[in-house]
Each structure stands twice: as structure tokens, then as C-alpha cells.
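Participant: First, the structure itself, so that you have it in front of you.
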Amino acid sequence: MAESTPASDAAPDAAPDAAVVGEQAPAGVAISALHKAYGSNEVLKGISMTVDPGEVVCLVGASGSGKSTLLRCVNRLEEPNAGTITVADHVASDPDVDLDAMRREIGMVFQQFNLFPHLSVLENCTITPRRVLKQSKADADGEAMAQLRRVGLEELADRRPDQLSGGQQQRVAIARALTMRPRLMLFDEPTSALDPETVGDVLAIMRQLAEAGMTMIVVTHEMTFAREVADRVVFMDQGHVVEAGPAAQVIGNPQQPRTQDFLRRVLDPTHVDLDV
Ligand SMILES: Nc1ncnc2c1ncn2[C@@H]1O[C@H](COP(=O)(O)OP(=O)(O)OP(=O)(O)O)[C@@H](O)[C@H]1O
Ligand SMILES: [Mg+2]
Numbered sequence: 001m002a003e004s005t006p007a008s009d010a011a012p013d014a015a016p017d018a019a020v021v022g023e024q025a026p027a028g029v030a031i032s033a034l035h036k037a038y039g040s041n042e043v044l045k046g047i048s049m050t051v052d053p054g055e056v057v058c059l060v061g062a063s064g065s066g067k068s069t070l071l072r073c074v075n076r077l078e079e080p081n082a083g084t085i086t087v088a089d090h091v092a093s094d095p096d097v098d099l100d101a102m103r104r105e106i107g108m109v110f111q112q113f114n115l116f117p118h119l120s121v122l123e124n125c126t127i128t129p130r131r132v133l134k135q136s137k138a139d140a141d142g143e144a145m146a147q148l149r150r151v152g153l154e155e156l157a158d159r160r161p162d163q164l165s166g167g168q169q170q171r172v173a174i175a176r177a178l179t180m181r182p183r184l185m186l187f188d189e190p191t192s193a194l195d196p197e198t199v200g201d202v203l204a205i206m207r208q209l210a211e212a213g214m215t216m217i218v219v220t221h222e223m224t225f226a227r228e229v230a231d232r233v234v235f236m237d238q239g240h241v242v243e244a245g246p247a248a249q250v251i252g253n254p255q256q257p258r259t260q261d262f263l264r265r266v267l268d269p270t271h272v273d274l275d276v
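Counting from 1, one number per residue, gives the positions in the sequence shown under the UniProt record's numbering.
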């Protein structure tokens, strides 16, 4: 069973944002010996990791290392070939898992927003609570407006996605996920498709969510965000976890040569200790 309160290591000033998580206790995730192949291409080669309730873990690694596949296995958008995954008390890797019940507890945010183009911002945020949770229009509208207010977009509720900037669309995607009161949020490169000037607004929302005690797994190349917000960083390479630990350690003082190489390539040069 998950704990009934957010993890105590959330930011001490988390109270004002605690409504983001609502009454839902954050979920933990446990992944053990996970294998996934596409045909003969073995993509995940025995991944084991845990995420405690309320913890923020950033997944980093080169293109093709299996980060998206790992995230997608967590909510069973992909079927693992072997290994176990549990999310709160759902065994995600069990072929008989109640997928609808499990996915109700997991919010996912993608690089490309995936908003419905023909629906307003508000309708994008209410369609799933109305269909899946059978909420009344009034309840769904109220919850959606509260989440849109949280991401600073209440005023734009009547617009269509194509009338918003990329950063605004991504904030809608986050608000939409939050209307389902998830216990775990998965982010797959949420800022990679954004113009640089809108990246900060999205990261600020994610930081608030982290401080409110949400469990988060975040695939990102934003190393400053990872260093400042993640409790732990997991570095993946070619389907393996090469190095994992506190963010300051893995990013600030990586031990493995492959982690060191990767960080040298992605970090802003002004942040790298180039003592070679
Ligand atoms: N649906 C699929 N069918 C076949 N191969 C796939 C599929 N999805 C991913 N792959 C392959 O799996 C490997 C890992 O892909 P994945 O998208 O998980 O990597 P990634 O670490 O997220 O990379 P990126 O940083 O580019 O997003 C790649 O070789 C990719 O081509
Ligand atoms: Mg990816």
C-alpha cells in the first residue's frame, strides 16, 4: 500500500500546492529485471529501479538508449517481455492487470502535447474525466478550471490548441493530466519541442508539481532542472542503467565513463568541470 501522505522530503513549503495532488497519495514504482525487445532489437536489457512515493526521478541518456520504451512499459503502452513493474498496488507487467484502473492513476505528458485540435482548452481537460470518471459537466469544468488556473492558463480556456504557443499547449497537457488526479506522472521530454523562451514556464509548473509531492519520472535533457528538482537521476545507455544516484552526484560527479561522456556532450559548457 502506498503511504497516505506525500513523502516528507517534498519541499517544506509544499502546502500551497498540495491541492495539485489532491487527496490522492503519490504512488511508488518498482521495476525489476525488465526486458523489452522489438523483434531482434533488444532495447531494455534488464532494467531495475525504484521510485518512492513523492520522489522525482529524471531519466537521462543518449537517443535510442530506451528511455521512452521504459516509460511506456510503466503504463503498459508497451508489453514487457520479461521482468516485473508495479505501480502502487497494480502489477503493470501482469497480463491480467486492470489496465483502466491502473492508467487512471498515471498521467503522461509527451513531447508533442497530443491535445485534441478540434476541442477547446477546457474541453481537452474535461473530456476524459467526463467519459472515464463519469463526472458531471459542472464538476469536470470546475476541476479543469482549477487545474488551468494552476498552470496559469485560466484565461485561455476557450481557445483551441492552435491558438496557443507550444509552451502553453504543454501546460494544458499537464493540466489535462492533473484533472484525473493521478498518483504518478510520467514526462517524456516535455520541453524538447518547445521554443527556448517557453521552456522555463513548463519547467516551473513541473517544479511546483514536484514540490507538491507528486511522484514523477521525467525523461529530459534539461540538466539544470534534473540537478535542482530531481531527487535521483538514472543514466541509461544501450538498454542498461549505467549509473543512478542523487542528482548532485550523478550530474555533478559522475563515476562511470559513459555517464561522463554523455554529460560532457549535453551540458552547457559553462556548467562542466573540464579538468581533462
Ligand atoms: N515501436 C517500436 N518498434 C520498433 N522499434 C522501436 C519502437 N520504439 C522504439 N524502438 C527502438 O527502440 C530503441 C529505443 O528507443 P526509445 O525510443 O526507447 O529510445 P529513447 O532513449 O527514448 O531515445 P530518444 O532520446 O531519441 O527519444 C531504438 O532503437 C528504437 O528504434
Ligand atoms: Mg524517447
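Each residue gets a CB set at the ideal place from its N, CA and C atoms; glycine is no exception.
The beta strand (DSSP E) with A82 in it runs from where to where?
Facilitator: Residue numbering aside, residue 82 sits at position 82 when the sequence shown is read from its first letter. Boundaries of the beta strand (DSSP E) harbouring A82: A82 to V87, taken from the DSSP string.
Participant: Looking at C-beta atoms only, is the number of pairs between the stretch 229-244 and the stretch 53-63 that lie closer than 8 Å three or more?
Facilitator: Counting Cβ pairs under 8 Å, three or more are found: they touch.
Participant: Given 7 Å as the limit, tell me if E189 has its C-beta closer than that to any heavy atom belonging to ligand 2.
Facilitator: For this step, residue 189 is matched to residue 189 along the sequence shown. Because some heavy atom of ligand 2 lies under 7 Å away, the Cβ of E189 counts as near it: yes.
Participant: Leaving out the 5 sequence neighbours to the left and right, which residues in its chain are closer than 8 Å to V91 when beta-carbon positions are compared?
Facilitator: Taking the first residue of the sequence shown as 1, we reach residue 91 at position 91. Cβ within range, chain order: T84, I85 and V97.
Participant: Buried or exposed: V132, going by 16 or more other Cβ atoms within 10 Å of its Cβ?
Facilitator: In the sequence shown, counting from the first residue as 1, residue 132 sits at position 132. Exposed, because fewer than 16 other Cβ atoms sit within 10 Å of the Cβ of V132.
Participant: When the Cα atoms are used, what is the spatial distance from N114 to D195?
Facilitator: As a first step, residue 114 is located in the sequence shown; it is residue number 114 there, counting from the start. As a first step, residue 195 is located in the sequence shown; it is residue number 195 there, counting from the start. Computed Cα separation, rounded: 17 Å.
Participant: Ordered along the chain, which non-local residues of its own chain (more than five positions away) have a Cβ less than 8 Å from that of R103?
Facilitator: Residue 103 sits at position 103 when you count from the first residue of the sequence shown. Around R103: N75 and R76.
Participant: Rounded to a whole number of angstroms, what is the C-alpha to C-alpha distance between G46 and N253?
Facilitator: One-based indexing of the sequence shown puts residue 46 at position 46. One-based indexing of the sequence shown puts residue 253 at position 253. C-alpha separation (whole angstroms): 25 Å.
Participant: Quick one, are the C-beta atoms of Q65 and D188 less than 8 Å apart?
Facilitator: Translated into positions along the sequence shown, residue 65 becomes position 65. Translated into positions along the sequence shown, residue 188 becomes position 188. The question names Gln, yet the displayed sequence has Ser at residue 65. Contact flag unset, no.
Participant: With a threshold of 7 Å, establish whether the CB of N114 neighbours any heavy atom of ligand 1.
Facilitator: Start at 1 with the first residue of the sequence shown, and residue 114 comes out as number 114. Checking every heavy atom of ligand 1 against the Cβ of N114, none is found closer than 7 Å.
Participant: Any idea if T259 is buried or exposed, counting beta-carbon neighbours within 10 angstroms, 16 or more meaning buried?
Facilitator: Counted from its first residue, the sequence shown places residue 259 at position 259. Flag for T259 reads buried.
Participant: Using a threshold of 8 Å, state whether the C-beta atoms of M185 and V109 are closer than that.
Facilitator: The residue you call residue 185 lines up with position 185 of the sequence shown. The residue you call residue 109 lines up with position 109 of the sequence shown. Cβ atoms of M185 and V109: closer than 8 Å.
Participant: Taking 7 Å as the cut-off, is the CB of K36 close to at least one heavy atom of ligand 2?
Facilitator: Translated into positions along the sequence shown, residue 36 becomes position 36. No, the Cβ of K36 stays beyond 7 Å of every heavy atom of ligand 2.
Participant: Using only the heavy atoms of ligand 1, determine whether one of them is closer than 7 Å to the beta carbon of S93.
Facilitator: By 1-based counting over the sequence shown, the position of residue 93 is 93. Result no, Cβ not under 7 Å from ligand 1.
Participant: Closest to V266 by CA distance: which of E123, Q255, V242 and A226 is it?
Facilitator: Here the question's residue 266 lines up with position 266 in the sequence shown. Closest option to V266, Cα to Cα, is A226.
Participant: Is C125 near A138, with beta carbons less than 8 Å apart?
Facilitator: The residue given as residue 125 occupies position 125 in the sequence shown. The residue given as residue 138 occupies position 138 in the sequence shown. No, Cβ-Cβ distance for C125 and A138 is not below 8 Å.
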